[in-house]
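Numbering (our numbering), first residue to last: 4 to 342.
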């Protein structure tokens with residue numbers, strides 16, 4: 004008499020287990036270091052158009068990128084993520100060298116120049132940001148007396164007037180690694196030494212830099228990303244963006260990157276999400292969004308508040324070499340700028 008219910012229960016359990024397994028296989032797990040309020044709109048659009056659910060894990064602003072990179076490293080033998088959307092490039096390169104990323108041919112990024120993509124297909128760059136000086140025009144009313152170079156952060160004329168994020172995470176860390184790669188160790192360290200001597204304020208994030216410069220009191224200018232500058236501009240603060248070093252090394256441009264995780268739970272739908280993210284359409288959406296990111300697809304149309312790559316001199320730097328340098332300088336940076 005008791006065997007029937009037990010068999011039925013076992014059948015129901017098997018059915019539910021199969022259903023749950025099927026649902027889990029359709030989900031895509033995204034690790035995302037891009038600002039959540041920007042990325043969520045793109046993710047929701049993908050879900051709406053494909054019917055594929057996305058489980059997204061975001062990083063915090065102050066710990067941007069590093070937390071997710073650490074998680075991906077720790078999960079290497081049992082991956083939980085299918086796709087990594089990074090807000091910069093160097094940590095993505097480090098993941099590739101560690102064998103975490105799966106090579107792909109990136110059909111969605113065919114319109115993007117090869118220099119923005121990994122030669123081995125481990126990631127694709129898209130939707131870039133420029134590293135600019137955000138300047139408060141009320142604090143520095145004379146156009147001729149405003150900074151034009153990142154070196155102005157350590158110029159005695161601007162002592163106590165500048166701010167930048169601690170170069171321990173995100174695009175600021177990437178920028179400093181790029182400086183070591185392009186300028187050499189001696190000049191890069193001269194820049195870092197000068198920050199303290201010139202009383203440059205150190206903020207927790209690029210967003211904090213933007214807020215400090217935009218405020219009525221505090222630093223007059225700072226080093227940040229174009230997306231953070233655009234937030235201040237849209238809010239009506241008296242700020243301008245100076246694309247630094249146009250007569251010298253040029254302005255550093257840092258792309259977002261997208262990568263597939265090797266051995267991921269759902270590689271098929273992971274590829275669909277990755278193709279979507281690096282498409283010309285999503286680049287256009289990101290350009291028109293509050294983050295005002297710079298499209299990398301050739302011939303892409305950009306809104307008036309976004310300066311295309313062709314409109315300014317961009318610095319030339321080697322992403323892979325900068326990634327190698329980052330590993331070497333991280334202990335030094337933590338000693339210099341750690342709290």
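For every residue, glycine included, the Cβ atom is placed at its ideal position computed from N, Cα and C.
Note that this is a predicted model, so its numbers are computed, not measured.
Between residue i and residue j, how many whole angstroms is the CB-CB distance? I'm expecting something under 8 Å.
i           : j           : result
residue 318 : residue 304 : Their Cβ separation, rounded to whole angstroms, is 25 Å, which puts residue 318 and residue 304 out of contact at 8 Å.
residue 308 : residue 233 : 6 Å
residue 320 : residue 255 : 7 Å
residue 72  : residue 98  : 6 Å
residue 37  : residue 90  : 5 Å
residue 169 : residue 205 : 5 Å
residue 171 : residue 340 : 6 Å
residue 316 : residue 249 : 5 Å
residue 290 : residue 306 : 6 Å
Determine the DSSP secondary structure at residue i, reduced to helix, strand or coil.
i           : result
residue 329 : helix
residue 22  : Below a pLDDT of 50, predicted positions are generally treated as unreliable, and residue 22, at 36, falls in that range; the measurement from the model is reported next regardless. If DSSP states are grouped into helix, strand and coil, residue 22 belongs with the helices.
residue 189 : helix
residue 111 : helix
residue 266 : coil
residue 15  : Note that residue 15 has pLDDT 36, beneath the 50 cutoff, so the model's placement of it is unreliable and the number below is only indicative. Helix.
residue 301 : coil
residue 146 : helix
residue 209 : helix
residue 257 : strand
residue 117 : helix
residue 224 : strand
residue 215 : helix
residue 167 : strand
residue 243 : strand
residue 317 : strand
residue 324 : helix
Compare the beta carbon distance of residue i and residue j with 8 Å and say whether it is the shorter of the two.
i           : j           : result
residue 217 : residue 41  : no
residue 129 : residue 112 : yes
residue 322 : residue 93  : yes
residue 165 : residue 139 : no
residue 115 : residue 285 : no
residue 137 : residue 252 : no
residue 33  : residue 69  : no
residue 295 : residue 227 : no
residue 88  : residue 263 : no
residue 53  : residue 275 : yes
residue 301 : residue 102 : no
residue 82  : residue 267 : yes
residue 74  : residue 181 : no
If you follow the beta strand (DSSP E) that residue i is in, where does it begin and where does it stop?
i           : result
residue 185 : First-last for residue 185: 173-186, but that is the alpha helix (DSSP H), not the beta strand (DSSP E).
residue 87  : 86-89
residue 270 : Where residue 270 is concerned, there is no enclosing beta strand (DSSP E), although the alpha helix (DSSP H) it sits in stretches over 270-280.
residue 130 : 127-139
residue 33  : 31-35
residue 60  : 57-61
Please tell me whether residue i has its Cβ less than 8 Å away from any Cβ of chain B.
i           : result
residue 246 : Of the chains in the structure shown, none is chain B; there is only one protein chain.
How would you call residue i, buried or exposed, if buried means at least 16 neighbouring beta carbons within 10 angstroms?
i           : result
residue 24  : Because the pLDDT at residue 24 is just 39, under 50, the model does not fix this residue reliably, and the value given afterwards should be weighed accordingly. Exposed: under 16 other Cβ atoms inside 10 Å.
residue 133 : buried
residue 330 : exposed
residue 117 : exposed
residue 247 : buried
residue 239 : exposed
residue 105 : buried
residue 237 : exposed
residue 313 : exposed
residue 346 : This structure cannot speak to residue 346, because the chain is shown only from 4 to 342.
Looking at the unbroken alpha helix (DSSP H) that takes in residue i, where does it start and where does it end?
i           : result
residue 235 : 229-237
residue 72  : 69-77
residue 41  : 39-53
residue 99  : 93-100
residue 203 : Per DSSP, residue 203 belongs to no alpha helix (DSSP H) and is neither H nor E.
residue 287 : 283-291
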